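Visitor:
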Amino acid sequence: MAIKITTDKSKKVDITAKRLDDFIVNLEIKNESGNLVEFTRDAYTYLNKGTISRPNKKNSLGNEDVMLFTITTEDDTPVLAACSSDLDLAMCVNYGEPIDAVESFDPTKHFDGNDSNGGNYDYPTNQRDFDKLYDEFHVIKIKAIANSMSKASHKNTAEEQSNYGIKNLIFTKLYISSSPEAIAQTQATTTYNSPFIYKHSDYRDWLYNIFTNTDVVKNSFMNSELSSNPNFTGYTGNRYIFFGRVEGNNSFQIKFDHDKFNLPAGNYKYTFKSLSNMAILAVDTNNNVITANNYTIKHTKPYEESYIDQTTWIHGKLKINE
Amino acid sequence: MAKINVDITTKVDISCREGDSFELNIDVTNVGGSAFDFTDKTVLFAIYDARKQPIKICSNSEYIPKFDNTLNTVSEQFARGLISLYNTSSDLFNYKNENNLDFIYPIIAINLAGDFFGYKTIKINNNSMQIIIPSILFNIPFGVYSYDVKLVSDLEDVLHPFNAVSESNYKNSTTWMEGKFTVNKN
Chain W
26 MAIKITTDKS KKVDITAKRL DDFIVNLEIK NESGNLVEFT RDAYTYLNKG TISRPNKKNS
86 LGNEDVMLFT ITTEDDTPVL AACSSDLDLA MCVNYGEPID AVESFDPTKH FDGNDSNGGN
146 YDYPTNQRDF DKLYDEFHVI KIKAIANSMS KASHKNTAEE QSNYGIKNLI FTKLYISSSP
206 EAIAQTQATT TYNSPFIYKH SDYRDWLYNI FTNTDVVKNS FMNSELSSNP NFTGYTGNRY
266 IFFGRVEGNN SFQIKFDHDK FNLPAGNYKY TFKSLSNMAI LAVDTNNNVI TANNYTIKHT
326 KPYEESYIDQ TTWIHGKLKI NE
Chain S
37 MAKINVDITT KVDISCREGD SFELNIDVTN VGGSAFDFTD KTVLFAIYDA RKQPIKICSN
97 SEYIPKFDNT LNTVSEQFAR GLISLYNTSS DLFNYKNENN LDFIYPIIAI NLAGDFFGYK
157 TIKINNNSMQ IIIPSILFNI PFGVYSYDVK LVSDLEDVLH PFNAVSESNY KNSTTWMEGK
217 FTVNKN
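Chains as they are written, first to last, in the numbering used here: chain W, 26 to 347; chain S, 37 to 222.
1. Where does the unbroken beta strand (DSSP E) through Ser-94/W begin, and where does it stop?
2. Counting C-beta neighbours from all protein chains within 10 Å, is the total for Asp-33/W 16 or more, i.e. buried, or is it exposed?
3. In this structure, does DSSP put Ser-202/S in helix, strand or coil?
4. Say whether the region 283-296 of chain W touches the region 86-101 of chain W, bearing in mind that this needs 3 or more beta-carbon pairs closer than 8 Å, one atom from each stretch.
5. Quick check on Leu-52/W: buried or exposed, where buried means 16 or more other Cβ atoms within 10 Å of its Cβ?
6. Could you spell out where the beta strand (DSSP E) holding Leu-195/S opens and where it closes?
7. Determine, using beta carbons only, whether Leu-45/W and Asn-287/W come nearer to each other than 8 Å.
8. Drop a sphere of 10 angstroms on the beta-carbon of Gly-68/S, count the other beta-carbons inside from all chains shown, and report buried for 16 or more, exposed for fewer.
9. So Lys-77/S is in the beta strand (DSSP E); what residue range does that whole segment cover?
10. Should Glu-63/W go down as buried or exposed, given a rule of 16 or more other Cβ atoms within 10 Å for buried?
11. Spell out whether any CB of chain S is found under 8 Å from the CB atom of Thr-296/W.
12. Determine, for Gly-179/S, whether the minimum Cβ-Cβ distance to residues of chain W falls below 8 Å.
13. Considering Cα atoms alone, identify which of Cys-52/S, Ser-70/S and Thr-46/S is closest to Asn-163/S.
14. Is it right to say Met-26/W is buried, meaning 16 or more other beta carbons lie within 10 angstroms of its own, or is it exposed?
15. Closer than 8 Å by C-beta to Thr-65/S: which residues in its own chain qualify, once you throw out the five before and the five after it? Chain order, please.
16. With C-beta atoms as the reference, is His-192/S less than 8 Å away from Lys-47/S?
17. Give me the Cα-Cα distance between Leu-121/S and Ser-209/S, rounded to the nearest whole angstrom.
18. Excluding the 5 residues preceding and the 5 following Ser-171/S in the sequence, name in chain order all residues of the same chain whose CB lies nearer than 7 Å to its CB.
19. Give a yes or no on whether 8 Å exceeds the smallest Cβ distance from Leu-118/S to chain W.
20. Do you know how far the Cα of Thr-31/W is from the Cα of Asn-220/S?
21. Check the Cβ of Ser-51/S against every Cβ in chain W and list those closer than 8 Å, keeping chain order.
22. Please tell me whether Ile-172/S has its Cβ less than 8 Å away from any Cβ of chain W.
23. Check the Cβ of Val-13/S against every Cβ in chain W and list those closer than 8 Å, keeping chain order.
24. Relative to chain W, which residues along the region 190-206 of chain S have a C-beta separation below 8 Å, given in chain order?
25. Taking the alpha-carbon positions, what's the Gln-89/S to Thr-124/S distance?
26. Between Ser-57/S and chain W, is the shortest Cβ-Cβ distance under 8 Å, so that the two count as touching?
27. Please report the residue range of the beta strand (DSSP E) in which Ser-51/S lies.
28. Which residue's Cα is closest to the Cα of Ala-42/W: Ala-290/W, Ser-299/W and Gly-269/W?
29. Please report the distance separating the alpha-carbon of Ser-249/W from that of Ser-182/S.
Right, dumping it as structure tokens:
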């Protein structure tokens with residue numbers, strides 16, 4: 026009789042929750058010896074109204090273990106997610122800063138909760154501005170996470186996969202900060218960096234798709250002002266599937282505020298994973314490959330940003346009661 | 037009636053999780069417990085589909101063709117050796133499409149001293165070997181497969197008429213492990 030061994034680390038834990046209540050779950054991950062597994066986390070306090078604190082370094086690319094809690098329907102469609110990394114909120118890091126000043130970014134300057142200087146992300150007008158200010162690191166990281174999600178989605182057709190960022194999307198040239206695609210927008214003598222997505226509909230669609238779980242929001246966005254008005258002012262709140270957050274470092278706390286935990290009552294599934302060793306591939310203006318963080322995806326085409334390693338630690342059923 | 041068994045294959049069924057990184061540590065010693073000498077030997081870990089065709093091959097070899105279009109005669113020989121060993125088609129390796137920028141290696145071919153993702157897929161230590169496949173390469177859908185672990189050595193070209201090299205074979209091949217390979221649904 027054959028010996029049986031498994032490399033599957035995932036433990037099955039079923040969760041029951043109540044719809045439109047705060048969803049708070051504490052999870053602890055131990056190895057076979059009973060010791061806590063160590064993760065590399067970037068110290069980070071989520072942007073909250075009135076309490077603003079975040080590290081200078083907005084995106085710890087490469088070495089950061091990104092913790093991802095994903096709720097899917099029974100047919101594996103992600104419908105709600107929580108991430109330990111500052112995905113959409115990271116977008117504000119360039120706000121008001123010239124391109125060459127990113128490294129000296131003062132975290133207190135623009136995250137002080139003050140509507141007038143963009144410090145309050147909950148304020149719709151500021152969301153509008155934040156969302157235009159992606160830089161290459163935001164795009165790389167968001168796409169890498171989207172790619173990881175897409176691989177786990179069990180979706181096969183291009184249409185199904187398009188929501189998760191892998192349909193005909195070659196971002197590489199957009200990562201070059203000195204690219205002619207970078208447009209200068211003068212406001213109080215500040216040059217804004219890289220509103221590529223804002224300028225190119227394909228990329229813009231992609232980005233909004235991966236964070237959108239309601240067609241209504243997307244369609245109203247697309248049909249209203251975006252294509253014609255570069256200063257689009259539409260309301261952008263409550264559209265991401267990344268409504269929740271993962272806090273802490275083993276133990277972890279997964280949180281969805283009650284107003285975001287608005288899935289219909291029923292049966293779902295969830296996974297809690299770590300994504301490690303992000304690979305980045307970019308090309309310079311001569312199409313020479315440049316790399317960062319010593320990781321490079323070398324298969325020739327298509328270029329891709331993703332996490333090299335993934336481990337599922339906990340999975341199970343999620344029952345949401347009315 | 038006396039029986040002699042030269043089949044040293046150990047039956048081990050392995051399960052893993054779809055989409056996750058795969059890591060398996062295997063201790064390897066001689067019968068007396070001394071360290072096994074891996075010098076000039078190649079370890080191959082192959083996963084097969086239901087038709088017994090390899091869909092993933094990992095190795096500690098330094099000569100697996102790279103993904104960056106650079107092929108040399110040694111890596112071509114290595115690919116020919118795998119084709120002979122696994123009785124499969126060169127199409128699976130695509131190693132001849134050197135100038136085709138769109139080429140890929142459907143069977144991964146994991147290399148190599150730090151050149152691909154910084155990983156060796158099979159790392160050899162004194163008494164053990166580690167099979168490490170990062171999730172980005174471990175794209176096997178959930179289901180039941182089979183696998184084996186082979187130790188091979190002495191790869192030689194086979195010369196055909198007019199001294200043309202058309203195949204390469206390993207003179208020595210031993211199967212160490214085999215069994216079911218179950219990929220759990222994520």
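For each residue, glycine too, the CB sits at the ideal point set by N, CA and C.
This structure is a prediction, so every number in the text was calculated from the model and none was measured.
Guide: So, from the listed chains and residues:
1. Locating residue 94/W in the first sequence gives position 69, where the first residue counts as 1. Per the sequence presented here, residue 94/W reads as Phe, with Ser not at that position. 91-97 is the span of the beta strand (DSSP E), which, as asked, contains Phe-94/W.
2. Here residue 33/W refers to the residue found at position 8 when the first sequence is read from its first residue. When all chains shown are included, Asp-33/W counts as buried.
3. Counting from 1 along the second sequence, the entry for residue 202/S is found at position 166. The three-state reading of DSSP puts Ser-202/S in strand, counting E and B together.
4. With the cut-off at 8 Å, the region 283-296 of chain W and the region 86-101 of chain W touch.
5. Walking along the first sequence from the start, residue 52/W turns up at place 27. Result: buried.
6. The residue given as residue 195/S occupies position 159 in the second sequence. Residues 179-196.
7. Taking the first residue of the first sequence as 1, we reach residue 45/W at position 20. Taking the first residue of the first sequence as 1, we reach residue 287/W at position 262. Leu-45/W places its beta carbon less than 8 Å from that of Asn-287/W.
8. Position 32 of the second sequence, counting from 1, holds the residue named residue 68/S. Gly-68/S should be labelled exposed.
9. As a first step, residue 77/S is located in the second sequence; it is residue number 41 there, counting from the start. That run of the beta strand (DSSP E) goes 77-84.
10. For the purposes of this step, residue 63/W is taken as the residue at position 38 of the first sequence. Exposed is the label assigned to Glu-63/W, since fewer than 16 other Cβ atoms lie within 10 Å of its Cβ.
11. The sequence position of residue 296/W within the first sequence is 271, counting from 1. Closer than 8 Å: yes.
12. Numbered from its first residue, the second sequence carries residue 179/S at position 143. Taking Cβ atoms only, chain W never reaches closer than 8 Å to Gly-179/S, which makes this a no.
13. As a first step, residue 163/S must be located in the second sequence, where it is residue number 127. Distances from the CA of Asn-163/S to each of Cys-52/S, Ser-70/S and Thr-46/S were compared; the closest alpha carbon is that of Ser-70/S.
14. The sequence position of residue 26/W within the first sequence is 1, counting from 1. Counting Cβ neighbours within 10 Å, Met-26/W comes out exposed, since fewer than 16 surround it.
15. The count along the second sequence starts at 1 and reaches residue 65/S at position 29. Only Ala-71, Phe-72 and Asn-163 meet the Cβ criterion.
16. If you number the second sequence from 1, residue 192/S lands on position 156. If you number the second sequence from 1, residue 47/S lands on position 11. Position check: residue 192/S holds Glu in this sequence, whereas His was assumed. Taking 8 Å as the cut-off, the Cβ atoms of Glu-192/S and Lys-47/S do not count as close.
17. For this step, residue 121/S is matched to residue 85 along the second sequence. For this step, residue 209/S is matched to residue 173 along the second sequence. Distance from the CA of Leu-121/S to the CA of Ser-209/S, rounded to the nearest whole angstrom, comes to 9 Å.
18. Taking the second sequence and counting its residues from 1, one reaches residue 171/S at position 135. In its chain, beyond the 5 residues on either side, Gly-55, Asp-56 and Ser-57 have a beta carbon closer than 7 Å to the beta carbon of Ser-171/S.
19. Here residue 118/S is taken as the residue at index 82 of the second sequence, counted from 1. So no, Leu-118/S is outside the interface.
20. Position 184 of the second sequence, counted from the first residue, corresponds to residue 220/S. Position 6 of the first sequence, counted from the first residue, corresponds to residue 31/W. As the crow flies, the alpha-carbon of Asn-220/S is around 10 Å from that of Thr-31/W.
21. For the purposes of this step, residue 51/S is taken as the residue at position 15 of the second sequence. Here the neighbours are Lys-29, Ile-30, Thr-31, Thr-32 and Asp-33.
22. The residue given as residue 172/S occupies position 136 in the second sequence. Yes, its Cβ sits closer than 8 Å to a Cβ of chain W.
23. With chain S represented from 37 up to 222, any question about residue 13/S goes unanswered, as that position is not in the structure.
24. Residues passing the 8 Å Cβ filter: none.
25. Stepping through the second sequence from its first residue, residue 89/S is reached at position 53. Stepping through the second sequence from its first residue, residue 124/S is reached at position 88. Whole-angstrom Cα-Cα distance: 7 Å.
26. As a working mapping, residue 57/S is identified with position 21 in the second sequence. Yes, contact with chain W.
27. Counting from one through the second sequence, the residue named residue 51/S turns up at place 15. Per DSSP, the continuous beta strand (DSSP E) segment holding Ser-51/S begins and ends at 46-53.
28. Mapped onto the first sequence, residue 42/W falls at position 17. The option with the nearest alpha carbon to Ala-42/W is Ala-290/W.
29. Counting from 1 along the first sequence, the entry for residue 249/W is found at position 224. Counting from 1 along the second sequence, the entry for residue 182/S is found at position 146. Any reading at Ser-249/W needs caution, since the residue's pLDDT is 33, under 50, leaving its predicted position unreliable; the model's value is listed next. Rounded to whole angstroms, Ser-249/W and Ser-182/S show a C-alpha spacing of 54 Å.
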